[in-house]
Each structure stands twice: as structure tokens, then as C-alpha cells.
Amino acid sequence: MATIRADDLIDSVADALQYISYYHPQDFIEAMGAAYAVEESPAARDAIAQILTNSRLCAEGHRPLCQDTGIVVAFVKIGMGARIDMTGHEGQVLADLVNEGVRRAYQMPDNRLRASIVADPAFKRANTRDNTPAVTHVELVAGDAIDITVAAKGGGSENKAHFAMLNPSDSVADWVLSVVPEMGAGWCPPGMLGIGIGGSAEQAMLLAKESLMEPIDLPLLRARGASTPIEHLRLEIVDRVNALGIGAQGLGGLTTLLDVKVRDYPTHAASLPVAVIPNCAATRHVHFRLDGSGRATLAPPDLSRWPKVDWAPDTNVRRVSLDTLTREEMAGWKAGERLLVSGRLLTGRDAAHKRICALLEAGQPLPDGLSFQNRVIYYVGPVDPVGKEVVGPAGPTTANRMDRFTETMLGTAGLLAMIGKAERGHDAVDVIRQHGASYLIAVGGAAYLVAQAIRHSRVVAFAELGMEAVYEFEVSDMPVTVAVTPAGESVHESGPAAWKGRAVRIPVVPA
Ligand code: SF4
Numbered sequence: 009m010a011t012i013r014a015d016d017l018i019d020s021v022a023d024a025l026q027y028i029s030y031y032h033p034q035d036f037i038e039a040m041g042a043a044y045a046v047e048e049s050p051a052a053r054d055a056i057a058q059i060l061t062n063s064r065l066c067a068e069g070h071r072p073l074c075q076d077t078g079i080v081v082a083f084v085k086i087g088m089g090a091r092i093d094m095t096g097h098e099g100q101v102l103a104d105l106v107n108e109g110v111r112r113a114y115q116m117p118d119n120r121l122r123a124s125i126v127a128d129p130a131f132k133r134a135n136t137r138d139n140t141p142a143v144t145h146v147e148l149v150a151g152d153a154i155d156i157t158v159a160a161k162g163g164g165s166e167n168k169a170h171f172a173m174l175n176p177s178d179s180v181a182d183w184v185l186s187v188v189p190e191m192g193a194g195w196c197p198p199g200m201l202g203i204g205i206g207g208s209a210e211q212a213m214l215l216a217k218e219s220l221m222e223p224i225d226l227p228l229l230r231a232r233g234a235s236t237p238i239e240h241l242r243l244e245i246v247d248r249v250n251a252l253g254i255g256a257q258g259l260g261g262l263t264t265l266l267d268v269k270v271r272d273y274p275t276h277a278a279s280l281p282v283a284v285i286p287n288c289a290a291t292r293h294v295h296f297r298l299d300g301s302g303r304a305t306l307a308p309p310d311l312s313r314w315p316k317v318d319w320a321p322d323t324n325v326r327r328v329s330l331d332t333l334t335r336e337e338m339a340g341w342k343a344g345e346r347l348l349v350s351g352r353l354l355t356g357r358d359a360a361h362k363r364i365c366a367l368l369e370a371g372q373p374l375p376d377g378l379s380f381q382n383r384v385i386y387y388v389g390p391v392d393p394v395g396k397e398v399v400g401p402a403g404p405t406t407a408n409r410m411d412r413f414t415e416t417m418l419g420t421a422g423l424l425a426m427i428g429k430a431e432r433g434h435d436a437v438d439v440i441r442q443h444g445a446s447y448l449i450a451v452g453g454a455a456y457l458v459a460q461a462i463r464h465s466r467v468v469a470f471a472e473l474g475m476e477a478v479y480e481f482e483v484s485d486m487p488v489t490v491a492v493t494p495a496g497e498s499v500h501e502s503g504p505a506a507w508k509g510r511a512v513r514i515p516v517v518p519a
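To get my numbering, take the position in the sequence shown, counting from 1, and add 8.
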């Protein structure tokens, strides 16, 4: 019987979470490199280049790949012959040990990670401040070691999970093809889909999530050919989804999926439960084994195997001053046009918008010094800075969560433009058009690279909201793409429409 010290388990979880905060899995980075090599859509290629460059910068600088450092999910498989020595942790249970590892990892002074977890989710939504608790799944297996896989799952991709109870005669592939367009780009493609088939409702979701921990092996599968119905299903879904033309960040392009993973389990004769969960550009997971010999060691990856892609601002694109921006100037922008913006931005996301709009709708003044008149807002919740950083990784968050506030922000507060990620809803696009405003996107999953453009940062209002406070950033040559023009043209419609059917010559399900 192997005895594993509780402290080794805690330290290993903490080390693993730090490791995945800045190292992409090798298989993911190689698949992204391959996608970059074949991508023909200039906008999608630029986005992938930013993600790859961001990945290298994070690996070298040991800073988070994304400002959303995720909710921790731990899969713990305990050998029937293993025991945990709880000395110093009497009275605690396994989840407490995992949570202590999370707490230490997210509060590591040299690479402090963003605390994103809120308790009392339906009501107070109070941040727990240390990113605990994790979601811990425990299984008893054969053997006398403990196998642990930890993942840090971004909210943008987790929010796009779908589940359905299909009829037994329904097609799983058709259902997946019907939900992927609904996911939009908020899950920051290119990435993977995890699909769980069978079991019960909750087990299908768990199968989907755990399948995402498997390495990307699509090129191998293509090379040797599918030999099982599940392998055929994987290839069918990859090809049909990529034929939709969604592309990187939903800008239109050849690669939306790098791989599809499928796990199944026997189910009731009357049922066909199916779950799909996407994994985003910030794919973060690692596996380690504890056999009683001490804490796990995770070797750093060989960075010479990172694709040789060094994104730099394109000097030929339009440069824009945020300090002198006007509606007349924005009227000349084209959907899909890349810009480099400089000047002062205000930030805000869900909690700040809720407060701002409540004040405005009640006819109350905004906090001293806060005015959105002729300003541009960036939807972001940055990581706290360390060392000499102005701000930590600060990529965009999903914009359509702010759709319900858009009329008030544009019409009452006087905002000119917004920067976020992924598509806006039809109503929000209409509001943008009515006000002659604009919506721009930055690349989700390139947060550390984007942060290099931020020269100064100060809190303007709602400091108590932490990462959700309103900041003013001064940026220099921040790369963005015009996603909705003042005329109401959306690149998330025109881009995929232009690239639909070009990835592979097979029929696609109408969106
Ligand atoms: S890459 Fe996109 S979906 Fe993934 S964690 Fe970052 S912002 Fe969220």
C-alpha cells in the first residue's frame, strides 16, 4: 500500500495550477501551429498569430495565458491500495486538500492569478478571493497511486456548454452541428469540443468534460483512418464544423476545431443523453501521479517546439486616437478592418455595467470623475500586476453579456464605442447602428500580448469590485478589429458567410 502525504498532494496541485497558467499543452500548441500554417483568412491568421505569440510570451514570462485564469476542475483517481497521510490536516477531506492547493496557486506572489469564483451564485455573487472552491471529481480505481488531472476552465468557453436528451434515433452529429453556430465565438476558437454520449444527464456532461483532458491526436487519426464508429463521428464533426467557416475568433476562416473528443457510456433504452463542452484558446490541463515518493515534478516544455510565429503590429493598418475619436471618423471603418488604437480607454464588465446603468436609469450621477461621454469602453477584468507590470494579462471578455446595457451606455452615458470579444446580439447591433457607434474586438486568448499595449492604469470607480472595477487604461497601438460598424455590419456574420464551405468539400447543415 502506498502512502501519499497530504502536503505532497496540496503542493502538487498548486504547482500544477501555476504550470498550466502559463504553459499550453504541447499537443495544443502544435495543433495551433498547424492551423496557422494552413489558414488563408487574413483576419483569422492574424488572430492565431496573436494567440501563438501570447503563448510563447507567457511561457517565457511565467504569466497567465488569459486574464480569465479559470475555475479549477480536478479529476482525482485514487488507487484502491493508496492511502492519504492526513498528518497536519486532521478533520479535512480530499476536496479541502485540493482547495488548499488552489488557494496557494492563485495567491502565488510571483504569478498571482485572477480570483474569478463567486459564492452564492444566484444572489450575492460574492468573490471568494482565492478562486476556491474547485470542482473535484473523485473515482476509486485499481492500483496504489493517486492520479490527478487539473484543469483551469475559462468562463467564456464553459458558458457555451450544451446538453440535450435526444431521441434514440436522432443523429448526434446533426445535433452538434445545430448547436455550434449558437455558441458564437465567445468560446474563443480555435479549440476542441468534448462530447459525452450516454449514461444519465449528469454523466454525459462529465464524460464531455473529461474527454477534453485527452491530447489532441486528430492528425494521427486522419493518417491512420477511423476504425470505430466513434472515430468516424469525430472526423465527421470536425469536418462539418470547420466547413461552417466560423474560424478563429468567429472572424471567418478554415479552422474552428482542432479536434473533437468523444466518450460514451451505456444508457437507458429510452434515452440518448448528449453533452458538448468546448475548450478554448486557453486550453489548460495537466496530469500527474502521486505514488508516495513525494510531490509531483512537472518538467518545463521545450519551447524550441513552439511555432516560430512572432506577431507584431502591422504598420500598414489604420491608427486611431481614442482621445479624439468621433462618429464621423468611425463611419469610415469597414467590418473586419484591423486597427491599432492609442489613447485612453475606460474599462468595465458585468458588475460595473449593472451599477452604472442602475444609477443612470434612476437619474443619479455617476461616481466622481467617471464620465463615458465620447469615450470608448473595454470589457475586461484584468489580472493584478506583479513586479513592474502596469497591469497583468488583460484580454477581452465576452461582449454579449453587456448587450442589455448597450442602449443605456450609448444613449444615456454617451459612449462612442466598445471593445470586447465575440459577436453581439441582433438587438445590440441595432442599437449600435442607431447611435452611429462601433464595436471592436481584441483577441480572446492573447491577454498577455494585449497587456503589453497598456502603458498606464488607474482605478476610476468601484474599487471594491476588484477586477470588475472601472479602470482607465492608457494604451499604445493596441490591436483590435472592427466587428460592428456604425452602419450595423457585423464581421461575425460576414466573415463566416465568406468562408463557409471552404474548409472541406462536404455538405454542411444550414446555420
Ligand atoms: S481564451 Fe477566451 S474563453 Fe478561454 S479563458 Fe480566455 S477569454 Fe475565456
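Ideal placement from N, C-alpha and C gives every residue a C-beta, glycine not left out.
Within this structure, are the beta carbons of residue i and residue j separated by less than 9 Å?
i           : j           : result
residue 81  : residue 161 : yes
residue 478 : residue 356 : yes
residue 387 : residue 481 : no
residue 325 : residue 347 : yes
residue 193 : residue 259 : yes
residue 49  : residue 255 : yes
residue 509 : residue 181 : no
residue 143 : residue 79  : yes
residue 154 : residue 90  : yes
residue 308 : residue 31  : yes
residue 51  : residue 261 : yes
residue 2   : residue 124 : Any question about residue 2 goes unanswered here, given that the chain covers just 9 to 519.
residue 393 : residue 465 : yes
residue 391 : residue 71  : yes
residue 44  : residue 315 : yes
residue 146 : residue 85  : yes
Is any heavy atom in the ligand SF4 found nearer than 8 Å to the beta carbon of residue i?
i           : result
residue 358 : no
residue 5   : Residue 5 lies beyond the residue range present for the chain, which begins at 9 and ends at 519; the question has no answer from this structure.
residue 237 : no
residue 455 : yes
residue 321 : no
residue 428 : no
residue 1   : The chain is shown only over 9 to 519; residue 1 falls outside these bounds and no answer can be derived.
residue 289 : yes
residue 196 : yes
residue 489 : no
residue 264 : no
residue 404 : yes
residue 258 : no
residue 78  : yes
residue 162 : yes
residue 340 : no
residue 452 : yes
What residue range is occupied by the uninterrupted beta strand (DSSP E) comprising residue i?
i           : result
residue 325 : Where residue 325 is concerned, there is no enclosing beta strand (DSSP E), given that its DSSP letter is neither H nor E.
residue 481 : 478-492
residue 503 : Looking at the DSSP string, residue 503 is not in any beta strand (DSSP E); the run it does join, the alpha helix (DSSP H), is 499-507.
residue 147 : 143-149
residue 271 : 265-273
residue 374 : Looking at the DSSP string, residue 374 is not in any beta strand (DSSP E), and its letter there is neither H nor E.
residue 285 : 280-287
residue 81  : 79-87
Note the first and the last residue of the continuous alpha helix (DSSP H) segment covering residue i.
i           : result
residue 185 : 180-191
residue 62  : 50-69
residue 242 : 237-250
residue 152 : Run containing residue 152: none; DSSP gives neither H nor E here.
residue 363 : 358-369
residue 93  : Careful: residue 93 lies outside any alpha helix (DSSP H), inside the beta strand (DSSP E) at 90-93.
residue 387 : That residue, residue 387, is in no alpha helix (DSSP H); it is neither H nor E in DSSP.
residue 46  : 34-46
Could one say the Cβ of residue i lies closer than 9 Å to chain D's Cβ atoms, at least one of them?
i          : result
residue 98 : The structure shown contains no chain D; it holds only a single protein chain.
Using only the heavy atoms of the ligand MG, determine whether one of them is closer than 8 Å to the beta carbon of residue i.
i           : result
residue 416 : Ligands present in the displayed structure are limited to the ligand SF4, and the ligand MG is not among them.
State the CB to CB distance for the pair residue i and residue j, rounded to an integer number of angstroms; the pair is presumed to be in contact (CB under 8 Å).
i           : j           : result
residue 451 : residue 55  : 5 Å
residue 249 : residue 236 : No, residue 249 and residue 236 are not in contact; Cβ-Cβ is about 20 Å, not under 8 Å.
residue 152 : residue 10  : 4 Å
residue 150 : residue 88  : 6 Å
residue 335 : residue 494 : 7 Å
Exercise. Are three or more beta carbon pairs between the segment 50-62 and the segment 376-386 nearer than 8 Å?
Worked result: The segment 50-62 is not in contact with the segment 376-386.
Exercise. Per the contact definition of three or more C-beta pairs closer than 8 Å, is the segment 133-146 in contact with the segment 104-121?
Worked result: Contact between the segment 104-121 and the segment 133-146 is present, with at least three C-beta pairs closer than 8 Å.
Exercise. Within the chosen definition, does the segment 225-232 reach the segment 275-284 through at least 3 CB pairs nearer than 8 Å?
Worked result: No: fewer than three Cβ pairs fall under 8 Å.
Problem set entry | Contact between the segment 284-296 and the segment 184-204 (3+ Cβ pairs under 8 Å) | Touching, yes.
Exercise. For the 8 Å Cβ check, are there 3 or more pairs between the segment 465-478 and the segment 486-502?
Worked result: No: fewer than three Cβ pairs fall under 8 Å.
Problem set entry | Inter-stretch contact at 8 Å, needing at least 3 Cβ pairs: the segment 12-20 / the segment 232-249 | When Cβ pairs closer than 8 Å are counted between the two stretches, the segment 12-20 is seen not to touch the segment 232-249, the count staying below three.
For this session: Please confirm if the segment 404-413 is in contact with the segment 425-433, defined as three or more CB-CB distances below 8 Å between the two stretches.
Result: In this structure the segment 404-413 lies against the segment 425-433, because at least three pairs of beta carbons, one per stretch, are closer than 8 Å.
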